[in-house]
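Numbering (full-length UniProt numbering), first residue to last: 1 to 513.
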């Protein structure tokens, strides 16, 4: 019998919880609970222990590991009054490791050792290295709003570190111990309890655990996360299973579902949250760019790679960005505006062809594939997880074509016409025109709407067939161009943009985006 997914609404935010099995893809799956919020996917394991009694008047961390928002007023002496450990370089969250008595954090009464800082003034720091997180906290202003979530399992370990008087600057050593020491996973002293000491069952978050693989984590941030059903690097689907990899390098491990229906539900809920958060990040990036340079799309794809040592195609995750006049591929998502300038691959949109691969044309078992081919480069074979994602990319590509062509305005190619050197210009407003001579005299000119067809020899010769407005006859113009492929791709871009620009529905969708 399939385990249902429970939905709850807390402070207008929907969360979902359900039972799954977790494995590393090799060993036997173990029972776990999956908790999905708008920003995180959390893996929890069941723990039975006998709690020790504590005084009823003590101030305790929260029992439930919900996200909380806490406002701190920075003090002139002591600042925020807290220290942090962890960071993305250690595949750990940013954890509050110390709260200084009678200083700002302590005065709130709402922050505790073992709290993970998720956001600072609304900005995510879940993918930040330790030093970056320190700088963000230092420069966050006098009034700082922290979004935090308590890790009961980490609290006793961090308190133990304080008792050893571990230097606050020694983050690497502390994180190494935190990941290696099994004792830190104990919850016996980290959860507020009543005087009763009866054993009780409860679900606790994993920060870094043995349930899945070594890089697994209880909390995997969904911002620009990678969600896949495929066995890594292959075209093979996992039966009723999937994996989520976070921007900070953490992974849920392999999540196994009871049946295809539950699997489809989880994938939809998780993917919807990932897309929503990624679109939010895209809008934040776009604040820094004028209209013609904004991002139309960001998301994960898989690129087919031919390896000389094997006879089949393997796949590598790539992060695809459509921005302004460029299509870019990254090995990992850009974290800031500067990161957007460091693409592994970058092509001009108006000189690149996008084509959806038909199901009958796919080279293996991967579905939802498309080709990107830029002039002078080998085509790139890419795939996505769902048909919906492929449609999102296709629509974004058409929007990027319009944006890039309008920004480009016009493009001229050196050609030969009846043995004479000239220039063929593609102009967004005027259409096609051929000029010759030092004075660039116009030999002929046609609107884009007059083009009725074209043909080429695949090398350098091109024929353009135009219809005369008055006589309605077809006139053929023969040209030679040494960069024929580049010319053809650019022609295709201008014509696609022209068609899209007269579609009211398409224009409306671009303006809304």
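Virtual Cβ for every residue (Gly too), placed ideally from N, Cα, C.
All of these numbers come straight from a predicted model, not from anything done at the bench.
Practice prompt. Tell me, please, whether the stretch 374-393 touches the stretch 339-355 by the rule of three or more beta-carbon pairs shorter than 8 Å.
Written response: yes
Worksheet item: From residue 478 to residue 251, what does the alpha carbon distance come to, in whole angstroms?
Response: Each residue's Cα considered, the two are about 57 Å apart.
Discussion item. Excluding the 5 residues flanking residue 8 on each side, which residues of the same chain have their C-beta closer than 6 Å to its C-beta?
Written reply: Excluding residues up to 5 positions away in sequence, 15 lie with their Cβ nearer than 6 Å to the Cβ of residue 8 in the same chain.
Practice prompt. If I'm right that residue 382 touches residue 303 with Cβ under 8 Å, what's the distance once you round it to whole angstroms?
Written response: 5 Å
Worksheet item: Are the stretch 97-104 and the stretch 74-87 in contact at 8 Å, needing three or more beta carbon pairs?
Response: yes
Worksheet item: Taking all protein chains shown into account, do 16 or more other C-beta atoms lie within 10 angstroms of the C-beta of residue 276, making it buried, or fewer, making it exposed?
Response: exposed
Fill in: DSSP three-state assignment for residue 494, whether helix, strand or coil
helix
Worksheet item: Mind checking whether residue 108 and residue 72 have CB atoms under 7 Å apart?
Response: yes
Discussion item. Let me confirm a value: residue 86 is counted as buried when at least 16 other C-beta atoms fall within 10 Å, else exposed. Which label applies?
Written reply: Buried.
Worksheet entry | Beta-carbon gap between residue 489 and residue 351 smaller than 7 Å | yes
Discussion item. Contact defined as beta carbons within less than 8 Å: I believe residue 401 pairs with residue 496. What is the distance between those atoms, to the nearest angstrom?
Written reply: 5 Å
Item to complete: Starting from residue 132, follow its DSSP beta bridges and name the residues at the other end.
Response: The partner list for residue 132 (beta bridge, DSSP) is empty, contrary to what the question assumes.
Worksheet entry | Residues near residue 386 by beta carbon distance below 7 Å, same chain, minus five either side | 368
Worksheet item: When you compare only the Cα positions, how much space is there between residue 52 and residue 67?
Response: For residue 52, the predicted structure reports a pLDDT of 46, less than 50, and the residue's modelled location is therefore unreliable. The matter cannot be settled from this model.
Worksheet entry | First and last residue of the uninterrupted beta strand (DSSP E) at residue 370 | 369-374
Discussion item. Rounding to the nearest angstrom, what Cα-Cα distance links residue 432 and residue 403 in this structure?
Written reply: 19 Å
Worksheet entry | Pick from 291, 148, 293, 494 that is closest to residue 40, judged by C-alpha positions | For residue 40, the nearest C-alpha among the options comes from 148.
Item to complete: Just the C-alpha distance for residue 306 and residue 313, rounded to the nearest angstrom, thanks.
Response: Taking the CA atoms as reference points, residue 306 sits about 5 Å from residue 313.
Worksheet item: Which two residues bound the contiguous beta strand (DSSP E) that contains residue 387?
Response: Premise fails: residue 387 lies in the alpha helix (DSSP H), 387-408, not in any beta strand (DSSP E).
Fill in: residue 320 beta carbon less than 7 Å from that of residue 337
no
Discussion item. Let's see if you can read the secondary structure: which residues bound the alpha helix (DSSP H) around residue 285?
Written reply: 260-286
Item to complete: Count the other CB atoms, across all protein chains shown, that sit within 10 Å of the CB of residue 535; report buried if there are 16 or more and exposed otherwise.
Response: Summary: the structure shown does not reach residue 535, with the chain confined to residues 1 through 513, and so no result is reported for it.
Worksheet item: Per DSSP, what kind of secondary structure is residue 10 in: helix, strand or coil?
Response: strand
Worksheet item: Are there 16 or more other CB atoms within 10 angstroms of the CB of residue 35, so buried, or fewer, so exposed?
Response: buried
Discussion item. The alpha helix (DSSP H) that contains residue 104, what's its start and end?
Written reply: Counting along the chain, the alpha helix (DSSP H) containing residue 104 begins and ends at 104-108.
Worksheet item: Taking residue 416 as the reference, which of 436, 326, 130, 145 has the closest Cα?
Response: Ranked by how close their Cα comes to the Cα of residue 416, the residues 436, 326, 130, 145 have 436 in first place.
Discussion item. Less than 8 Å between C-beta atoms, sequence neighbours within five positions excluded: which residues of the same chain meet that for residue 3?
Written reply: 18, 19, 20, 258, 262
Practice prompt. Can you say whether residue 266 is buried or exposed, counting buried as having 16 or more other CB atoms within 10 angstroms of its CB?
Written response: buried
Worksheet item: Under 7 Å between the Cβ atoms of residue 121 and residue 104?
Response: No; because the gap between Cβ atoms is not below 7 Å, this pair is not in contact.
Worksheet item: Opposite residue 249 in the DSSP bridges: which residues?
Response: Answer is none; residue 249 lacks a bridge partner.
Discussion item. According to DSSP, simplified to helix, strand and coil, what is residue 114?
Written reply: Coil at residue 114, not helix or strand.
Worksheet item: On the premise that residue 445 lies in contact with residue 469, defined as a C-beta separation below 8 Å, what is that separation, rounded to the nearest angstrom?
Response: Residue 469 to residue 445, Cβ: 12 Å. No contact.
Worksheet entry | Assigned secondary structure, residue 514 (DSSP; H/G/I helix, E/B strand, else coil) | Given a span of 1 to 513 for the chain in the structure shown, any question on residue 514 remains unanswerable.
Item to complete: Can you have a look at residue 46 and say buried or exposed, based on whether 16 or more other CB atoms are within 10 angstroms of its CB?
Response: exposed
Worksheet entry | Alpha carbon of residue 188 to alpha carbon of residue 331, nearest angstrom | Below a pLDDT of 50, predicted positions are generally treated as unreliable, and residue 188, at 36, falls in that range; the measurement from the model is reported next regardless. Taking the straight line joining both Cα atoms gives about 41 Å.
Practice prompt. Give every residue of the same chain whose Cβ lies closer than 8 Å to the Cβ of residue 89, excluding the five residues on either side of it in the sequence, and list them in chain order.
Written response: 129, 130
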